[in-house]
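Some notes on the structure that comes next.
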Amino acid sequence: MATARDAKKRRALAALILVDLFEEEGQKNVARKRNRVFWTRDWIKRRRTRGVYHQLVKELELEDEVAYTEYFRVNGQKFRFLVDSVGYAIKKKDTLMRETIRPDERIAMSIATGETFKSLEYSFRISRTCISSIVVETCQAIFGILGPRYLNTPSSQEEWESSLELSKWNWSFGWEENLDPTASKFWSRYYDYKGHSSIILMAVFGGDYECLWADVGANGRASDGGVWQRSDLKSLLSSEANPLNLPDARPLPGRVMPVPYVLTGDDAFALTDYLLKPYPQSKTTVEERIFNYRLSRMRRISENGFGILVRRWRIFCTPMLLEPGKVKHIVLAALTLHNLLRSDMPSTLVDSEDAGTGDVTPGTWRTLTPVWEDFNPQCSNNYGIRAKLIRNEFKEYFNNESVVPWQWRQCGIV
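Under the UniProt record's numbering, the first residue of the sequence shown carries the number 1, and numbering increases by one thereafter.
Right, dumping it as structure tokens:
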């Protein structure tokens, strides 16, 4: 009997404790609800009358096209094209509680200035939480809708030939690390060997500075050589089935040996049949130094491609306080817009070369300091005999049939 009474007492005590806990939690919820005294801040409610998009931007659109382009990095015609192309995918319905933010304003805050969400909150008069979701959603729509048209790798020999008319037998290959200092809050594996949180951007640029292929999102902590080894581009280039439909190998002008179309990279990459790299800097012959110089001229394509990207989209000049997945959406949208808008860039933005002396005038993008770093993958220096023969064939071509009069002076030989 005593045991049964004790059990009843314990159950009664447990029930009292639960009731007390529920009452305490209910009081907390009521307190939280009572603390919320407004739905939207009053100054945010005045967005349609005093927000930057409804005041300053409208003035610039009507009165100063140059300033409008500087603010948005696109002119009015291209901005309207973006709204017409993407607007339907990001349009929301009005509710009884409030009017929705229109697609043009959503695109405006996503591509303007490169400021932080906190700064955009006070200028556009939209909460930073809302801005965060709008920017990511808009970037996803830009890449999803316009990416297949403007950021697509050529898939036929005709498309490759069209690209080659400008890039002259090669495409320039570049790596950059895109810093994201908040990634360590979520995944420590994004911490790179320099103590930064980063994701990696790989890109191939054509002769008109268009991005032909890009891979974004590999974590900065990944093994250096493994990122390139696992990329889909390397697999496609290595396949004997030629899934990219690259043009057949053919001799260089005035030469006999057929050579494939190649990428150009720096000394960090392994020499292969489809990727040229410089000769080692130590104990190089005169011909090899000439080859290295001519190869460096080709690699300026990717340098300028990244430079244009930074110059137009200032978000790459400051750390992105976002999760890696959101950074990836922003970078892909920026690359899509880079290809769409590259015809609008001023000629002084990129490096220019004097046709008589070979002297290079640096582009204005080099005055900026992007928050990214060169990526230096560790790779083996072992390469096949065919890769060596292909590089030697280009070396002979640069020193004979394709000589430019200033190449010895530029190499410090004369």
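We treat Cβ as the ideally placed atom computed from N, Cα and C, and that holds for glycine.
Model, not experiment: these values are computed from the prediction.
Taking residue 112 as the centre and dropping the five residues before and after it, the same chain places the C-beta of 71, 72 closer than 7 Å to its C-beta, in chain order. Note that the C-beta distance between residue 44 and residue 127 is below 8 Å. Within its own chain, the residues whose Cβ lies closer than 6 Å to the Cβ of residue 352, once the five positions on either side in sequence are excluded, are 361, listed in chain order.
When C-alpha distances from residue 218 are compared across 346, 391, 228, the shortest belongs to 228.
With respect to residue 103, residue 74 sits apart: the two C-beta atoms are not nearer than 8 Å. Looking at the DSSP output, residue 215 sits in a beta bridge with 202.
Bounds of any beta strand (DSSP E) do not take in residue 66; it lies within the alpha helix (DSSP H) bounded by 65–72. By the Cβ criterion, the stretch 338–352 is in contact with the stretch 294–309, since at least three pairs of Cβ atoms, one from each stretch, lie closer than 8 Å. In the DSSP secondary-structure assignment, residue 259 is bridged to 250. When rounded, the separation of the alpha-carbon atoms in residue 290 and residue 396 is 10 Å.
The C-alpha of residue 207 lies about 14 Å from the C-alpha of residue 295. Residue state for residue 116 is assigned as coil, using DSSP reduced to three classes. For residue 233, the enclosing alpha helix (DSSP H) has its first and last residue at 232–238. Within the model, the alpha-carbon separation for residue 325 versus residue 55 is close to 33 Å. Pairing residue 310 with residue 320 gives a Cβ-Cβ distance that is not under 8 Å. Secondary structure at residue 360: strand, using DSSP grouped into helix, strand and coil. When only Cα atoms are considered, residue 200 and residue 147 end up about 19 Å apart. When only Cα atoms are considered, residue 237 and residue 140 end up about 28 Å apart. Taking a C-beta distance under 8 Å as the contact criterion, residue 90 and residue 106 qualify as a contact pair. Between residue 298 and residue 393, the gap from beta carbon to beta carbon reaches 8 Å or more. Counting along the chain, the unbroken alpha helix (DSSP H) around residue 78 starts and ends at 76–90. For the options 335, 414, 358, the alpha carbon positioned closest to that of residue 215 is the one of 335.
Considering only 233, 342, 323, 196, the residue with the shortest C-alpha distance to residue 204 is 233.
Its chain contains no residue whose beta carbon lies nearer than 6 Å to that of residue 149 once the 5 sequence neighbours on both sides are disregarded. Shown here, residue 62 sits in a helix according to DSSP, grouped into three states. For residue 302, the uninterrupted alpha helix (DSSP H) run begins and ends at 286–312, by DSSP. In the displayed model, residue 368 falls within coil according to three-state DSSP, outside both helix and strand.
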